[in-house]
Each structure stands twice: as structure tokens, then as C-alpha cells.
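Mapped onto UniProt numbering, the consecutive letters of the sequence shown carry residue numbers 1 to 87.
Virtual Cβ for every residue (Gly too), placed ideally from N, Cα, C.
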Amino acid sequence: MIIKKRRYPIKELRCRFGLSQSYVAKYIGVSRDHYSLIENNKRSIASVRTGVVFKLAELFEVKVDDFFLNINIANGDNEEGVDESLV
Numbered sequence: 001m002i003i004k005k006r007r008y009p010i011k012e013l014r015c016r017f018g019l020s021q022s023y024v025a026k027y028i029g030v031s032r033d034h035y036s037l038i039e040n041n042k043r044s045i046a047s048v049r050t051g052v053v054f055k056l057a058e059l060f061e062v063k064v065d066d067f068f069l070n071i072n073i074a075n076g077d078n079e080e081g082v083d084e085s086l087v
């Protein structure tokens with residue numbers, strides 16, 4: 001049995017925490033419009049400044065890697081792969 005852990009969708013995290021786009025944008029130091037592009041996958045998170053990604057991870061209490069990796073877990077083994085949409 002394979003359980004696939006997808007990378008975290010930023011919008012899902014923001015909604016889970018009950019935060020507005022404006023709040024998150026201010027917290028990470030970008031405009032709301034810029035944050036909206038990131039959240040809606042119109043701007044790749046891979047192209048965002050490193051500090052912004054770290055602030056997002058801190059705010060949403062996840063690891064930075066979780067924004068970039070798809071993780072497959074099969075029979076207790078971890079197989080990590082780079083999200084192909086980022087390559």
C-alpha cells in the first residue's frame with residue numbers, strides 16, 4: 001500500500017489557520033497581490049525569495065521541504081521525489 005503525501009497547498013494551510021491573504025502577505029513581507037499569485041500557483045514557490053519561504057513555513061508550522069517535495073511512503077520506506085512541476 002502506497003500513501004502519497006502531497007506538497008502543502010498554501011491556500012489550504014492559510015484557510016486551516018483562519019488567516020486572510022492580507023495578513024499572510026504582511027507577515028512574509030510581500031504585497032497581497034504578490035502573495036495571491038504564489039497561493040494560486042501563478043508564481044512558483046521555487047522562484048520566491050528564500051526568506052519568504054522560511055516565513056511561510058514558520059507561520060504554517062511546517063518544514064520548508066514540505067512546500068517542494070512529494071513523499072511516497074510504501075511498506076515503511078520513504079521515497080522522496082522532487083515535485084516535477086518545479087523542474
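Whether residue 27 touches residue 55 by CB criterion (8 Å): yes
Could you check whether residue 21 and residue 36 sit closer than 8 Å to each other, using their CB atoms as the reference points? yes
Beta-carbon proximity of residue 46 to residue 60, cut-off 8 Å: no
What does the alpha-carbon distance come out to for the pair residue 23 and residue 66? 21 Å
DSSP-derived helix/strand/coil call for residue 20: coil
Once the 5 residues before and after residue 39 are set aside, which same chain residues still bring their CB inside 6 Å of it? 10, 11
With distances taken Cα to Cα, identify the nearest neighbour of residue 51 among 17, 14, 16, 29. 29
Alpha-carbon spacing of residue 13 relative to residue 43, whole angstroms: 17 Å
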